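So the protein lines, in turn, are chains A and B.
First residue of the first sequence? That's 392 in the numbering used here, and the numbers climb one at a time after it.
First residue of the second sequence? That's 392 in the numbering used here, and the numbers climb one at a time after it.
Just so you know, even glycine gets a beta-carbon here, dropped at the ideal spot from N, CA and C.
No experiment lies behind these values; they were computed from the predicted model shown.
Have a look at the structure below, then the notes.
Protein chains: 2
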Amino acid sequence: MPAELGAVESARRIRDGVLTAEELVGECLERIRALEPKVQAWQFLDEAHALAQARALDERKRNGEPLGPLHGVPVGIKDIIDTGDMPTENGTAIHAGRTPRDDAAVVRMLRAAGAVILGKTVTTECAYFNPGKTRNPHNPQHTPGGSSSGSAAAVGAGMVPLALGSQTAGSVIRPAAFCGAYGFKPTHGLIPRSGILTLSRTLDHVGLFARSIDDLALLLEQLQGYDELDPDTRPRARIPFGDLAREEPPLEPMFAFVKTPHWERTDADTKEAFAELQDSLGKNMEEVELFPSATDAWDWQRTIMEAEMAANLEPLWVAGKEKLSEKLRGLIERGREVRAVDHQRAVRRIAPTVESLDELFMQRYDAILTTPALGTAPKGLGSTGDPVFCVLWTLLGMPAITLPLMRGDNGLPLGVQLVGRKGYDARLLRTARWLEGKVGS
Amino acid sequence: MPAELGAVESARRIRDGVLTAEELVGECLERIRALEPKVQAWQFLDEAHALAQARALDERKRNGEPLGPLHGVPVGIKDIIDTGDMPTENGTAIHAGRTPRDDAAVVRMLRAAGAVILGKTVTTECAYFNPGKTRNPHNPQHTPGGSSSGSAAAVGAGMVPLALGSQTAGSVIRPAAFCGAYGFKPTHGLIPRSGILTLSRTLDHVGLFARSIDDLALLLEQLQGYDELDPDTRPRARIPFGDLAREEPPLEPMFAFVKTPHWERTDADTKEAFAELQDSLGKNMEEVELFPSATDAWDWQRTIMEAEMAANLEPLWVAGKEKLSEKLRGLIERGREVRAVDHQRAVRRIAPTVESLDELFMQRYDAILTTPALGTAPKGLGSTGDPVFCVLWTLLGMPAITLPLMRGDNGLPLGVQLVGRKGYDARLLRTARWLEGKVGS
Chain A
392 MPAELGAVES ARRIRDGVLT AEELVGECLE RIRALEPKVQ AWQFLDEAHA
442 LAQARALDER KRNGEPLGPL HGVPVGIKDI IDTGDMPTEN GTAIHAGRTP
492 RDDAAVVRML RAAGAVILGK TVTTECAYFN PGKTRNPHNP QHTPGGSSSG
542 SAAAVGAGMV PLALGSQTAG SVIRPAAFCG AYGFKPTHGL IPRSGILTLS
592 RTLDHVGLFA RSIDDLALLL EQLQGYDELD PDTRPRARIP FGDLAREEPP
642 LEPMFAFVKT PHWERTDADT KEAFAELQDS LGKNMEEVEL FPSATDAWDW
692 QRTIMEAEMA ANLEPLWVAG KEKLSEKLRG LIERGREVRA VDHQRAVRRI
742 APTVESLDEL FMQRYDAILT TPALGTAPKG LGSTGDPVFC VLWTLLGMPA
792 ITLPLMRGDN GLPLGVQLVG RKGYDARLLR TARWLEGKVG S
Chain B
392 MPAELGAVES ARRIRDGVLT AEELVGECLE RIRALEPKVQ AWQFLDEAHA
442 LAQARALDER KRNGEPLGPL HGVPVGIKDI IDTGDMPTEN GTAIHAGRTP
492 RDDAAVVRML RAAGAVILGK TVTTECAYFN PGKTRNPHNP QHTPGGSSSG
542 SAAAVGAGMV PLALGSQTAG SVIRPAAFCG AYGFKPTHGL IPRSGILTLS
592 RTLDHVGLFA RSIDDLALLL EQLQGYDELD PDTRPRARIP FGDLAREEPP
642 LEPMFAFVKT PHWERTDADT KEAFAELQDS LGKNMEEVEL FPSATDAWDW
692 QRTIMEAEMA ANLEPLWVAG KEKLSEKLRG LIERGREVRA VDHQRAVRRI
742 APTVESLDEL FMQRYDAILT TPALGTAPKG LGSTGDPVFC VLWTLLGMPA
792 ITLPLMRGDN GLPLGVQLVG RKGYDARLLR TARWLEGKVG S
């Protein structure tokens, strides 16, 4: 099934002329038609417009024009990421019918790489906790996670090989794990965020969903870059993530198993699965305790998220706070009371905490290994689950990836989260690939 | 008198072998010995250490080693800027005897350019409003302004050709104007701030004092640069400010005379002096009103300064708030009550306001022209004067320069402040040089 070929392989076949973009998009649309009634991953999807993009790309190939690395590959875009040719509603009724004039930087980059912008995927309300309509593709009675619910579900269901999301607490890693997709939140500042609904400059990351590590690496390679409008990006040489991810590690990687102070809250089958993983990794995995002050990091993240979201969503609050969910109103109300000194104190803890963790990587370990969530996707659609196992790495801006390597007792996917040294995304991808080779199916 | 030669000319003579660094430093020290009892510009000055630096530089010249652009030129350093070989006390008893391990980035850059770090100049308490011991070199009954009081007075008195200060509200431009020096606060982020007491990341700037525009340009050229530890600096090509400042403008510059909503508070002789300036500039100067919302900018600056200083000075507050002045305690108390949403809202106003002002420069004007202060240095040493005419340009991070081109009725210096487009520092220096040629003595 072409939609499950993956991005690397699809792009190769299109380049080789054994597949057309139109055929690939057609297959994706067919699978969407079959599964969407159950999964509800898409907020906006215009089949004719998607096919027109594909045909235009096929025409370019026939004309002998140069092809981008994602030529003809369809991508789903979380509906907080602006698209100049499709509505972007940010998951709130206040923005119903909102049509941006311009593409977000990442959408421009995707188009430049030859991708088909297939459609917009469901987000929770303003990428916070109030769920959208999406269901878990592995069991529609379970949440897909959030806030990038539609992107995770669409990739998990094989509707599309690639999708973009965003993570401010645990909005990429958690839904990817719940939906059985590969999810990746690169180092803070690696991917530009202009044209995306801002929740928190300090915490917001663009995240990626795919069906393999190679596909994540290829996608990241296209999305890295400097953007004058995102003050946390920097001009620097392009990194060939695709090639670097496929390199063999020079030594067998060592994993620091970090349970965090929240491990006791994980499900029994999760605990068991990680114990088995520890057995099978043997000497390559060692349990490491976080230094005591790291325990406060969850509070720092909450303070920053509340204060910055209250400021950034103030226009919505003013335009119609009665149209916001109780969850989001509560967040903004708490955020409006945060004092500037407390907010700044929390932000100021980030750099020294990253430095402390750097030592782990310099001493001995290639990646931190932990769970992406408390367990498999919880039953019910009223909550998107708890981001507690993502919050620390989001706060610190460290790269994090989840791999769908295990299953829970209920048959739903269980992910393994690896966290890399800040700024060392390629090494994390390479290490993840080694792990998959070692314990993957 | 060598101390009044200026940096460009002194460096040339040293290069040409008609002056030695030791002679130049000796002359400066002699003038300091004569004037310091009256002016009190220096917080720390070790004559032997200064002369030893000079002799080492002369030795390097004799050995035929390459010479930096400031080879042998003495520079005074505001005592909130770390020096690894001299105490840095930040103007507070809590830091009495504090001896940093490392030089601030700007001090490293000065040493690399061959400068002699002559000594540390008096700062107000933590670069806020509580005065130090310094007096105005033109009349010791008058304030030198602040917070860079010692740097301004030392340069104004001809004790040293160059000095560094800092500006968070009006701490460079105002004292330079009061002391009859040339003062320059470049674009925010052009000069790195690591190793300098942080009051406010958003508002803090390094500023320069000299006795000519050419000297300011030469000094700025050495201090520009990227610094990993100052997140507001950017890697970019070095700008040859010295050469650019000396270029002739392609057209006669046009000045936008901006009185701001605070003009009525200026002294009568200041109003008169600017009316005369308007006469002599004729068609090259037009009065321009700020757009109405700019009136709020003074509140935004206050909110940001209070909130960020309260956060950054928290360690002092904890270590011994009873040792802080009432002024500084009051600021911190107000700052601790600022809400994070109000702080962020104020910060968020900066970029669009800069954009609105950009239009002035794109349409018609080379520089904004205004007063640096309400008038000449006020009588008395209990206050450093009002920064109201600097606050807007500091908030917006636009480059500002003050030129000592006029005198008040009391014979004290009156400055002319020019403000340039953000990021166009070389053009501002060139325009200032044209103005000085046109109306200077």
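**Message:** Considering Cα atoms alone, identify which of Gln-692(B), Leu-609(B), Gly-586(B) and Ala-545(B) is closest to Ala-567(B).
**Reply:** The count along the second sequence starts at 1 and reaches residue 567(B) at position 176. Checking every option, the nearest Cα to that of Ala-567(B) belongs to Ala-545(B).
**Request:** Using a Cβ-Cβ cut-off of 8 Å, state whether Val-782(A) counts as contacting chain B.
**Result:** As a position in the first sequence, residue 782(A) is number 391, starting the count at 1. Chain B contact via Cβ: absent.
**Request:** Tell me, please, whether the CB atom of Glu-699(A) is closer than 8 Å to any CB atom in chain B?
**Result:** As a working mapping, residue 699(A) is identified with position 308 in the first sequence. Interface with chain B (8 Å Cβ-Cβ cutoff): Glu-699(A) is included.
**Prompt:** Pick from Gly-814(A), Ser-540(A) and Thr-694(A): whose alpha carbon is nearest that of Leu-748(A)?
**Reply:** Along the first sequence, read from residue 1 onward, the residue named residue 748(A) stands at position 357. Of Gly-814(A), Ser-540(A) and Thr-694(A), the residue nearest in Cα terms is Gly-814(A).
**Phe-600(A) versus Asp-660(A), Glu-643(A), Gln-669(A) and Met-550(A), residue with shortest Cα-Cα distance** = Taking the first sequence and counting its residues from 1, the one referred to as residue 600(A) is at position 209. The shortest C-alpha separation from Phe-600(A) is found at Met-550(A).
**Request:** Tell me, please, which residues DSSP counts as bridged to Ser-774(A).
**Result:** In the first sequence, the residue the question calls residue 774(A) occupies position 383. Looking at the DSSP assignment, Ser-774(A) forms no beta bridge with any residue, so it has no partner.
**Asked** Quick one: any contact between the stretch 635-655 of chain B and the stretch 748-768 of chain B, if contact means 3 or more CB pairs under 8 Å?
**Response** Contact between the stretch 635-655 of chain B and the stretch 748-768 of chain B is present, with at least three C-beta pairs closer than 8 Å.
**Prompt:** Does the Cβ of Pro-428(B) lie closer than 7 Å to at least one heavy atom of the ligand ZN?
**Reply:** As presented, the structure is devoid of all ligands, the ligand ZN included, so that no description of it is given.
**Request:** Would you identify the three-state DSSP class for Leu-553(B), choosing helix, strand or coil?
**Result:** Taking the first residue of the second sequence as 1, we reach residue 553(B) at position 162. Reduced to three states, the DSSP call for Leu-553(B) is strand.
**Prompt:** Is there contact between the stretch 470-487 of chain A and the stretch 564-583 of chain A, where contact requires at least three CB pairs shorter than 8 Å?
**Reply:** No: the two stretches stay apart, fewer than three of their Cβ pairs being nearer than 8 Å.
**Tyr-756(B) classed as buried or exposed, judged by whether at least 16 other C-beta atoms fall within 10 angstroms** = As a position in the second sequence, residue 756(B) is number 365, starting the count at 1. With 16 or more neighbouring CB atoms inside 10 Å of its own CB, Tyr-756(B) falls in the buried class.
**Request:** Return the residue from the list Ile-587(A), Ala-439(A), Gly-397(A) and Asp-606(A) that minimises the CA-CA distance to Ala-496(A).
**Result:** Position 105 of the first sequence, counting from 1, holds the residue named residue 496(A). When only C-alpha atoms are compared, the closest one is Ile-587(A).
**Prompt:** Count the other CB atoms within 10 Å of the CB of Gln-431(A); is the residue buried (16 or more) or exposed (fewer)?
**Reply:** Walking along the first sequence from the start, residue 431(A) turns up at place 40. With 16 or more other CB atoms across the displayed protein chains lying within 10 angstroms of its CB, Gln-431(A) is buried.
**Item:** Positions along the stretch 726-749 of chain A whose CB lies within less than 8 Å of some CB in chain B
**Value:** Shown in chain order are the members of the stretch 726-749 of chain A whose Cβ falls below 8 Å from a Cβ of chain B: Gly-726, Arg-727, Glu-728, Val-729, Arg-730, Ala-731, Val-732, Asp-733, His-734, Gln-735, Arg-736 and Arg-739.
**Prompt:** Buried or exposed: where does Thr-479(A) fall if 16 or more other Cβ atoms within 10 Å of its Cβ makes it buried?
**Reply:** The sequence position of residue 479(A) within the first sequence is 88, counting from 1. It counts as buried.
**Prompt:** If the cut is a Cβ gap below 8 Å, which residues of chain B does Glu-705(A) touch?
**Reply:** What you label residue 705(A) is simply residue 314 of the first sequence in a count that begins at 1. Close to Glu-705(A), with beta-carbon spacing below 8 Å, are these residues of chain B in chain order: Val-732 and Arg-736.
**Prompt:** If Ala-441(B) and Val-498(B) are in contact, beta carbons under 8 Å, what's the gap, nearest whole angstrom?
**Reply:** One-based indexing of the second sequence puts residue 441(B) at position 50. One-based indexing of the second sequence puts residue 498(B) at position 107. Rounded, the Cβ-Cβ distance is 14 Å, inconsistent with contact.
**Asked** Which partner residues does Tyr-573(A) have in the DSSP bridge list?
**Response** Your numbering for residue 573(A) matches position 182 in the first sequence. Beta-bridge partners of Tyr-573(A) (DSSP): Ala-601(A).
**Item:** Boundaries of the beta strand (DSSP E) in which Arg-798(B) is found, first to last residue
**Value:** The residue you call residue 798(B) lines up with position 407 of the second sequence. 791-798 is the extent of the beta strand (DSSP E) around Arg-798(B).
**Prompt:** Between the C-alpha atoms of Met-696(B) and Leu-704(B), what's the straight-line distance to the nearest angstrom?
**Reply:** Taking the first residue of the second sequence as position 1, residue 696(B) is located at position 305. Taking the first residue of the second sequence as position 1, residue 704(B) is located at position 313. Each residue's Cα considered, the two are about 11 Å apart.
**Asked** Comparing the C-beta of Pro-641(B) with each C-beta of chain A, is any distance below 8 Å?
**Response** Numbered from 1 along the second sequence, position 250 holds the residue referred to as residue 641(B). Taking Cβ atoms only, chain A never reaches closer than 8 Å to Pro-641(B), which makes this a no.
**Message:** Let me make sure I understand the geometry here. Which of Leu-715(A), Val-779(A), Gly-831(A) and Arg-725(A) has the alpha-carbon closest to that of Ala-487(A)?
**Reply:** Position 96 of the first sequence, counting from 1, holds the residue named residue 487(A). Per the Cα distances, Leu-715(A).
**Prompt:** Looking at chain A, which residues of the stretch 622-656 of chain B have a Cβ within less than 7 Å of any of its Cβ atoms?
**Reply:** Residues of the stretch 622-656 of chain B that bring their beta carbon within less than 7 Å of a beta carbon in chain A comprise Pro-626, in sequence order.
**Prompt:** What is the C-beta distance between Glu-612(A) and Gly-633(A), in whole angstroms, given that I count them as a contact (C-beta under 8 Å)?
**Reply:** Locating residue 612(A) in the first sequence gives position 221, counting from the first residue. Locating residue 633(A) in the first sequence gives position 242, counting from the first residue. With a contact defined as Cβ atoms closer than 8 Å, Glu-612(A) and Gly-633(A) qualify at about 5 Å.
**Asked** Whose C-alpha, out of Leu-765(B), Ser-774(B), Thr-822(B) and Gly-799(B), is nearest the C-alpha of Pro-790(B)?
**Response** Residue numbering aside, residue 790(B) sits at position 399 when the second sequence is read from its first letter. The shortest CA-to-CA distance from Pro-790(B) to any of Leu-765(B), Ser-774(B), Thr-822(B) and Gly-799(B) is the one to Thr-822(B).
**Prompt:** Who are the near neighbours of Tyr-617(A) in its chain, counting only those whose CB is closer than 8 Å to its CB and skipping five residues on each side?
**Reply:** Position 226 of the first sequence, counted from the first residue, corresponds to residue 617(A). Counting only residues of its own chain and dropping the five nearest sequence neighbours on each side, Tyr-617(A) has a CB closer than 8 Å to the CB of Pro-583, Thr-624, Arg-625, Pro-626 and Arg-627.
**Message:** Tell me the DSSP secondary structure of Ala-432(A) in three-state form.
**Reply:** Here the question's residue 432(A) lines up with position 41 in the first sequence. Coil, per DSSP.
**Item:** Supposed close pair Arg-727(A), Ala-701(A) - CB separation, criterion 8 Å
**Value:** As a first step, residue 727(A) is located in the first sequence; it is residue number 336 there, counting from the start. As a first step, residue 701(A) is located in the first sequence; it is residue number 310 there, counting from the start. Arg-727(A) to Ala-701(A), Cβ: 5 Å. Contact.
**Item:** Buried versus exposed, by CB contacts within 10 Å (16 or more), Arg-824(B)
**Value:** For the purposes of this step, residue 824(B) is taken as residue 433 along the second sequence, with counting starting at 1. Burial call: buried.
**Item:** Contacting residues, own chain, Cβ-Cβ under 7 Å from Cys-419(A) (five flanking each side not counted)
**Value:** Numbered from its first residue, the first sequence carries residue 419(A) at position 28. The beta carbon of Cys-419(A) sits closer than 7 Å to those of Ala-394, Pro-465, Leu-509, Met-550 and Val-551, all from its chain and outside the five residues before and after it, given in chain order.
**Item:** Interface residues of chain A facing Ala-768(B) [CB-CB closer than 9 Å]
**Value:** In the second sequence, the residue the question calls residue 768(B) occupies position 377. In chain order: nothing, as chain A lies at least about 34 Å away.
**Item:** Neighbour-count burial assignment, Met-797(A), 16 or more Cβ in a 10 Å radius
**Value:** Counting from one through the first sequence, the residue named residue 797(A) turns up at place 406. Its Cβ being crowded by 16 or more others within 10 Å, Met-797(A) is buried.
**Request:** Pick out the complete beta strand (DSSP E) segments inside the stretch 607-680 of chain A, 3 residues or longer, and give them in chain order.
**Result:** 646-648 and 676-678, all fully within the stretch 607-680 of chain A.
**Message:** Contact criterion: CB-CB distance below 8 Å. Does Ala-702(A) meet it with respect to chain B?
**Reply:** Within the first sequence, the letter at position 311 stands for residue 702(A). At least one beta carbon of chain B lies nearer than 8 Å to the beta carbon of Ala-702(A).
**Prompt:** Which same chain residues, not among the five before or five after Phe-435(B), have their C-beta less than 6 Å away from its C-beta?
**Reply:** Residue 435(B) sits at position 44 when you count from the first residue of the second sequence. If we look at Phe-435(B) and ignore the five residues flanking it on each side, its Cβ neighbours are Met-477, Pro-478, Gly-510 and Lys-511.
**Exposure of Ala-447(A), with buried meaning 16 or more beta-carbon neighbours within 10 Å** = If you number the first sequence from 1, residue 447(A) lands on position 56. The residue is exposed, with fewer than 16 neighbouring Cβ atoms inside 10 Å.
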